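Asks:
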Amino acid sequence: MLVKNRKIKNYSISEVRYKGSIYQLTKYSFSRAWIEQNKGLYDDVTDVFNKCTKIEFMRFNEKNELHFGNTEGKDGYSDKNLAIFGTPHVNDRVYKLLAASVDYDMKLVNRSSLNHKIIRYGSYEFKFYTYDDEFLKDIQIYYISNELEQSVGRARLVKDYAHICF
Numbered sequence: 035m036l037v038k039n040r041k042i043k044n045y046s047i048s049e050v051r052y053k054g055s056i057y058q059l060t061k062y063s064f065s066r067a068w069i070e071q072n073k074g075l076y077d078d079v080t081d082v083f084n085k086c087t088k089i090e091f092m093r094f095n096e097k098n099e100l101h102f103g104n105t106e107g108k109d110g111y112s113d114k115n116l117a118i119f120g121t122p123h124v125n126d127r128v129y130k131l132l133a134a135s136v137d138y139d140m141k142l143v144n145r146s147s148l149n150h151k152i153i154r155y156g157s158y159e160f161k162f163y164t165y166d167d168e169f170l171k172d173i174q175i176y177y178i179s180n181e182l183e184q185s186v187g188r189a190r191l192v193k194d195y196a197h198i199c200f
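No gaps in the numbering here: position 13 of the sequence shown is 47 in the working numbering, and each next residue is one more.
If you want it as structure tokens, here you go:
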């Protein structure tokens with residue numbers, strides 16, 4: 035939609051196999067609100083991963099070099115185990131601004147609300163707080179998945195044997 039006069043080709047590649055491992059803890063949401071309401075429990079959970087380099091929201095660990103929004107291009111962690119806490123949402127105005135920038139129907143944007151619903155992402159299906167409008171949902175999921183992929187990618191699981199816990 036951004037480059038209407040260009041022919042764009044999409045190439046599918048097979049899923050890359052990791053040499054390391056990814057473990058996911060789904061018992062808690064690790065949202066900013068959850069962390070603020072459960073600070074003691076959050077500290078207890080994150081202490082379990084004290085030997086891991088943590089990636090989390092900047093406001094909860096300002097001394098940590100790695101945080102959401104500051105993971106791209108950080109290459110010194112390929113031999114480290116990482117622990118990633120949270121889902122890096124951005125302000126919903128960002129999603130709406132991007133939709134407006136590609137001339138998406140603003141009436142649809144303004145009518146769309148955020149709700150918990152079952153979504154599909156790749157081969158996964160899960161409950162997620164997202165937009166009713168599919169285009170806005172796709173923008174949101176793109177932003178979040180890009181940041182999480184950058185975070186996970188710091189461990190270089192394709193070539194190294196580190197572990198990711200989040």
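Glycine is no exception: its CB is placed at the ideal position from the N, C-alpha and C atoms.
All figures in this text were calculated on a predicted structure; none of them were measured in a lab.
I need the DSSP call for Tyr138, collapsed to helix, strand or coil.
Replies: Residue mapping note: residue 138 aligns to position 104 of the sequence shown, counting from 1. Residue state, collapsed to three classes: coil.
Asks: What separation, rounded to the nearest whole angstrom, lies between the Cα atoms of Gly110 and Arg188?
Replies: Start at 1 with the first residue of the sequence shown, and residue 110 comes out as number 76. Start at 1 with the first residue of the sequence shown, and residue 188 comes out as number 154. Roughly 8 Å between the two C-alpha positions.
Asks: Buried or exposed for Glu70, going by 16 or more other Cβ atoms inside 10 Å?
Replies: Counting from 1 along the sequence shown, the entry for residue 70 is found at position 36. It is exposed - the Cβ of Glu70 has fewer than 16 other Cβ atoms within 10 Å.
Asks: If you draw a straight line from the alpha carbon of Ala67 to that of Glu90, how long is it in whole angstroms?
Replies: As a working mapping, residue 67 is identified with position 33 in the sequence shown. As a working mapping, residue 90 is identified with position 56 in the sequence shown. One C-alpha to the other measures close to 13 Å.
Asks: How is Phe83 classed by DSSP in three states: helix, strand or coil?
Replies: By 1-based counting over the sequence shown, the position of residue 83 is 49. Correct three-state label for Phe83: coil.
Asks: Starting from the Cα of Lys130, find the closest Cα among Ser65, Ile173, Glu159 and Ser179 and give me that residue.
Replies: Taking the sequence shown and counting its residues from 1, the one referred to as residue 130 is at position 96. For Lys130, the nearest C-alpha among the options comes from Ile173.
Asks: According to DSSP, simplified to helix, strand and coil, what is Asn149?
Replies: Locating residue 149 in the sequence shown gives position 115, where the first residue counts as 1. Note: Asn149 maps to strand in three-state DSSP.
Asks: Taking just the CA atoms, how far does Thr80 sit from Leu100?
Replies: As a working mapping, residue 100 is identified with position 66 in the sequence shown. As a working mapping, residue 80 is identified with position 46 in the sequence shown. Answer to the nearest angstrom: the Cα atoms are 15 Å apart.
Asks: Evaluate Phe160 with the Cβ neighbour count: other Cβ atoms within 10 Å of its Cβ, from every protein chain shown; 16 or more gives buried, anything less gives exposed.
Replies: What you label residue 160 is simply residue 126 of the sequence shown in a count that begins at 1. Looking at its Cβ environment, which holds fewer than 16 other Cβ atoms inside 10 Å, Phe160 is exposed.
Asks: So the candidates are Leu142, Phe119 and Val143; which of them puts its Cα closest to the Cα of Lys61?
Replies: In the sequence shown, counting from the first residue as 1, residue 61 sits at position 27. For the residues Leu142, Phe119 and Val143, the minimum Cα distance to Lys61 belongs to Phe119.
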